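J.: For reference, each letter of the sequence shown is one residue, going 541 to 696 in the working numbering.
In this text, a Cβ means the ideal position worked out from N, Cα and C, and glycines have one as well.
These figures come from a predicted structure and were not determined experimentally.
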Amino acid sequence: MTNIEIRPMVNGDYDNVRNLWLSIRGFGIRSIDDSREDIERFLERNPTTSVVACDGDRIVGSILCGHDGRQASFYHVCVKKSYRRQGIATQMVIYCMNELKKMKINKIALIAFTKNDAGNAFWKQIGWTCRPDCNYYEFILNEANITRFIESETEE
Numbered sequence: 541m542t543n544i545e546i547r548p549m550v551n552g553d554y555d556n557v558r559n560l561w562l563s564i565r566g567f568g569i570r571s572i573d574d575s576r577e578d579i580e581r582f583l584e585r586n587p588t589t590s591v592v593a594c595d596g597d598r599i600v601g602s603i604l605c606g607h608d609g610r611q612a613s614f615y616h617v618c619v620k621k622s623y624r625r626q627g628i629a630t631q632m633v634i635y636c637m638n639e640l641k642k643m644k645i646n647k648i649a650l651i652a653f654t655k656n657d658a659g660n661a662f663w664k665q666i667g668w669t670c671r672p673d674c675n676y677y678e679f680i681l682n683e684a685n686i687t688r689f690i691e692s693e694t695e696e
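Rendered as structure tokens:
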């Protein structure tokens, strides 16, 4: 395994992180929520909990992580295809969990689409629980916030 550095994501990482997202098949990107402006606002609100995994100056993984003072959420957890199965996602998750523990946040939630076999297998393998006792609901406040799913995986 290469020497991977896990560090907090900063505004200057946006272009490289977005390019990573665009390289991953099945990844869903929202037109507004994932814009530079909204990600910068998210990072301002959550300056230490969102992370990137770097191989030198190349970003090969990321997690957006935020909290409301009570519960945290993970968004856009991903690792570049050629870097998977090396423990990078686990290292990023542990980093985020440690930051949240410092803030006395006791619970993290995430959404993994049912079609995301690799993601669902990962979360189960590292001990997360899929809750059968609740349903996830959402109400769209802005119809312009369109989700675009990436059709194929690419290498840079």
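Just to confirm, are M564 and Q631 a CB contact at a threshold of 7 Å?
T.: One detail in the question is off: residue 564 reads as Ile in this sequence, not Met. No, the Cβ-Cβ distance between I564 and Q631 is not below 7 Å.
J.: In three-state DSSP terms, what is R570?
T.: strand
J.: For Y635 and Y554, what's the separation of their Cα atoms in angstroms?
T.: One C-alpha to the other measures close to 19 Å.
J.: Determine the contact status of L640 and A612, defining contact as a CB-CB distance below 7 Å.
T.: yes
J.: Taking only the alpha-carbon atoms, compute the straight-line gap between G596 and D673 and give it to the nearest angstrom.
T.: 43 Å
J.: Kindly indicate which three-state DSSP category D555 falls into: helix, strand or coil?
T.: helix
J.: Could you give the residue range of the alpha helix (DSSP H) that holds F653?
T.: Here F653 belongs to no alpha helix (DSSP H), and DSSP marks it neither H nor E.
J.: Counting Cβ pairs, one atom from each stretch, are 3 or more of them under 8 Å apart for the segment 602-609 and the segment 655-669?
T.: no
J.: Using only the alpha-carbon positions, how far apart do V633 and I572 sit?
T.: 25 Å
J.: Measuring alpha carbon to alpha carbon, tell me which of G566, K644, K642, G552 ends up nearest E577.
T.: G552
J.: Report the residue from H616, V600, F614 whose alpha carbon sits nearest the alpha carbon of R624.
T.: It is V600.
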